[in-house]
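Working notes, structure below.
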Amino acid sequence: DAGVIQSPRHEVTEMGQEVTLRCKPISGHNSLFWYRQTMMRGLELLIYFNNNVPIDDSGMPEDRFSAKMPNASFSTLKIQPSEPRDSAVYFCASSSGLLNTGELFFGEGSRLTVL
Amino acid sequence: QKEVEQNSGPLSVPEGAIASLNCTYSDRVSQSFFWYRQYSGKSPELIMSIYSNGDKEDGRFTAQLNKASQYVSLLIRDSQPSDSATYLCAVGLRDDKIIFGKGTRLHILP
């Protein structure tokens, strides 16, 4: 299996621009998580989906952030407009079986730099 | 606010010694606990999971859970330079979230 695939691996953009991060979970996994990692705040949960349905988006920092999962094999995280404080590594992770007991498989991350 | 607390380190341990990593969590009803290892510039990978009080051993790794004290630990025996990484403690909450501590940086001294 190819594992969780994220794109782009690196993104450098200017403040105010729209950023779209993409994730393909492992086939057969029914849970998908978006995390953001910074030195100061560690690994923060932004939103997670179960069977393509958003379960909890309370970690999304503000209205500038949105996430979708139109089907079982694809999810996007969008930031519009982007700000320098959004600079971080964004990880997508997927899991099979019961939530909360299954292993999270992480993608390689998307490193975002907003100038 | 549910939290997972870890000492950020760095924790320096001589090669061959036992490394002890600790974690506390705030949500009393949490039922699942995980240790992830993250090498610099890489993504986290699961090394241990534990769900009931006591010890769970897997090779050189032992996870320990004490729900009454809301405390999880990871012991690494016979530490190797390849164990140098950041170790993230994660907790599964009642609402199916999995949240992470900020991690402890471990440095194994050759």
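Residue numbers (this note's numbering), protein chains in the order written: chain G, 839 to 953; chain L, 85 to 194. Positions of the beta carbon are idealized from the N, C-alpha and C atoms, including for glycine.
When you compare only the Cα positions, how much space is there between residue i and residue j?
i        : j        : result
L/ILE26  : L/ASP111 : Because chain L is modelled from 85 through 194, residue 26 of chain L falls outside the range shown and cannot be assessed.
G/SER933 : G/ILE864 : 8 Å
L/SER133 : G/THR951 : 33 Å
G/GLU849 : G/LEU883 : 20 Å
G/PHE944 : G/TRP872 : 10 Å
L/SER114 : L/ARG178 : 6 Å
L/PRO98  : G/TYR886 : 39 Å
L/VAL156 : L/PHE184 : 13 Å
G/SER920 : G/ARG902 : 8 Å
L/ASP162 : L/LYS126 : 24 Å
G/GLU941 : G/GLY854 : 36 Å
L/ASN137 : L/PHE118 : 13 Å
To the nearest whole angstrom, what separates the beta carbons of residue i and residue j, a pair I think is in contact under 8 Å?
i        : j        : result
L/ILE131 : L/ARG144 : Rounded, the Cβ-Cβ distance is 10 Å, inconsistent with contact.
L/ALA169 : L/LEU190 : 6 Å
G/LYS916 : G/GLU856 : 7 Å
G/ILE843 : G/LYS862 : 4 Å
L/LEU158 : L/ALA174 : Wrong, their Cβ atoms sit about 11 Å apart, outside the cutoff.
How would you write the range of the beta strand (DSSP E) that residue i sits in, first residue to last?
i        : result
G/ARG874 : 869-876
G/ARG949 : 948-952
L/ARG189 : 188-193
L/PRO98  : 95-98
L/ARG121 : 116-122
G/MET907 : 903-909
L/TYR135 : Neither: L/TYR135 is in no beta strand (DSSP E) and is coded neither H nor E.
G/PRO892 : 891-894
G/ARG860 : 857-862
G/GLY880 : 880-888
L/ILE169 : The sequence shown places Ala at residue 169 of chain L, not Ile. Note, L/ALA169: beta strand (DSSP E), 169-176.
For residue i, is the classification buried or exposed, using 16 other Cβ atoms within 10 angstroms of its Cβ as the cut-off for buried?
i        : result
G/PRO899 : exposed
L/ASP167 : buried
G/ARG874 : buried
G/MET877 : exposed
G/ASP924 : buried
G/ALA840 : exposed
G/ALA931 : buried
G/PRO846 : exposed
G/LEU953 : exposed
Taking 8 Å as the CB-CB limit, is residue i close to chain C?
i        : result
G/GLY880 : Within the model displayed, chain C is absent; protein chains G and L are what it includes.
May I ask you to list, following chain order, the residues of the region 891-915 of chain G that have a beta carbon less than 7 Å from some beta carbon of chain L? ILE893 and ASP894
Can you give me, in chain order, the residues of the region 851-864 of chain G that have a beta carbon less than 9 Å from any beta carbon in chain L? none
Check distances from the C-beta atoms of the region 87-117 of chain L to those of chain G and list, in chain order, the residues that come in under 8 Å. GLN115 and SER116
Tell me which residues of the region 173-194 of chain L have at least one Cβ-Cβ distance to chain G shorter than 9 Å, keeping chain order. ALA174, GLY176, LEU177, ARG178, ASP179, ASP180, LYS181, ILE182, ILE183, PHE184, GLY185, LYS186 and GLY187
Residues in the region 145-172 of chain L having any Cβ partner in chain G nearer than 8 Å: LEU172
Listed in chain order, which residues of the region 117-128 of chain L have Cβ atoms closer than 7 Å to some Cβ of chain G? SER127 and PRO128
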